[in-house]
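Enquirer: Residue numbers (this note's numbering): 15 to 249.
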Ligand SMILES: NC(=O)c1ccc[n+]([C@@H]2O[C@H](COP(=O)([O-])OP(=O)(O)OC[C@H]3O[C@@H](n4cnc5c(N)ncnc54)[C@H](OP(=O)(O)O)[C@@H]3O)[C@@H](O)[C@H]2O)c1
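1) Helix or strand or just coil, what does DSSP make of residue 38?
2) Hey, is residue 122 close to ligand 1, as in C-beta under 7 Å from one of its heavy atoms?
3) Suppose contacts are defined by Cβ-Cβ distances below 8 Å. Is residue 164 in contact with residue 120 by that definition?
4) Under a Cβ-count criterion, where at least 16 other Cβ atoms within 10 Å of its own Cβ denotes burial, should residue 86 be classed as buried or exposed?
5) For residue 315, list the residues DSSP reports as bridge partners.
6) Report, in whole angstroms, the separation of the C-beta atoms of residue 187 and residue 209, which I expect to be a contact under 8 Å.
7) Would residue 161 be called buried (16 or more neighbouring beta carbons within 10 Å of its own) or exposed?
8) Kindly provide the chain-ordered list of residues whose Cβ lies closer than 6 Å to any non-hydrogen atom of ligand 1.
9) Between residue 149 and the rest of its own chain, which residues show a CB-CB distance below 8 Å, the 5 nearest in sequence each way excluded?
10) What does the Cβ neighbour count give for residue 33, buried or exposed, with the cut at 16 atoms within 10 Å?
11) Report the CB separation of residue 181 from residue 145 in whole angstroms; it is logged as a contact under 8 Å.
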């Protein structure tokens, strides 16, 4: 049975990626950070192994990689973990935390691909439209810059790991996820209207594109925007 690792499988998007890969026949290994209850529930539902690690903590990341090294190799790794929040430009720790979770840990995982990923394997990084060249949310510079770094890492690791392992990124626009669930309908529609389509991207659309990246061997080193046309908006 093919094996897949999904980081932050307890996130809004991660859960759906994990379920989609399980349905596609993968034995899924779930990573999470703090949500023990959801991680256990998901593990039972998908009959999956579960690993806990805080990606902002170097010691925890080293221990996580060591745990992965002790397992059979993965056919697929989905670097889905990512935290978005406003950051104080003058706060070193905030920059460090966001970069550690969003870019450095995926880099460390990809850096171990020789030991962690099997031949003909695929790595998919979950980036964001905000990592794109012409994007920038002034209050979220660390998020945007860390996703831009993840895009760059996607390209350089694709070169390094070719032809054995393909590396691609999916860069969503606004996804209908837990952070916008509690907004009022007017505010939700305003965010949905950030997409040309006037609709949020769904977690299932992200998961379907992840599966497509795994299956389509013509894709390598690509940053694929799944943003309902958001990145075309100029005004
Ligand atoms: N939602 C969107 O609109 C959107 C748009 C573009 C890109 N993305 C990207 O999609 C991915 C998933 O986002 P999401 O919206 O599904 O997330 P989410 O529902 O907001 O959940 C956040 C996740 O971050 C995890 N997390 C928190 N601190 C962490 C740490 N120190 N180390 C590792 N993980 C940590 C949490 O783990 P626990 O559950 O265990 O606490 C949780 O699963 C991210 O890479 C995000 O940047 C999202």
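For every residue, glycine included, the Cβ atom is placed at its ideal position computed from N, Cα and C.
Expert: In this structure, then:
1) Here residue 38 is taken as the residue at index 24 of the chain shown, counted from 1. Coil.
2) Walking along the chain shown from the start, residue 122 turns up at place 108. Residue 122: no, Cβ never under 7 Å from ligand 1.
3) Position 150 of the chain shown, counted from the start, is the residue given in the question as residue 164. Position 106 of the chain shown, counted from the start, is the residue given in the question as residue 120. Yes.
4) Sequence index remark: in the chain shown, residue 86 carries index 72 (1-based). Counting Cβ neighbours within 10 Å, residue 86 comes out exposed, since fewer than 16 surround it.
5) No information on residue 315 is available, as it lies outside the stretch 15 to 249 that the chain covers here.
6) Residue numbering aside, residue 187 sits at position 173 when the chain shown is read from its first letter. Residue numbering aside, residue 209 sits at position 195 when the chain shown is read from its first letter. With a Cβ gap of about 5 Å, residue 187 and residue 209 count as contacting.
7) On the chain shown, position 147 is the one that residue 161 refers to. Flag for residue 161 reads buried.
8) 22, 24, 25, 26, 27, 28, 46, 47, 48, 49, 68, 69, 70, 94, 95, 96, 97, 98, 115, 140, 142, 186, 188, 189, 191, 192 and 193
9) Here residue 149 is taken as the residue at index 135 of the chain shown, counted from 1. So the list reads 143, 158 and 245, once near-sequence residues are dropped.
10) Position 19 of the chain shown, counted from the start, is the residue given in the question as residue 33. Flag for residue 33 reads buried.
11) As a first step, residue 181 is located in the chain shown; it is residue number 167 there, counting from the start. As a first step, residue 145 is located in the chain shown; it is residue number 131 there, counting from the start. At roughly 15 Å, the Cβ-Cβ gap does not stay under 8 Å, so residue 181 and residue 145 are not in contact.
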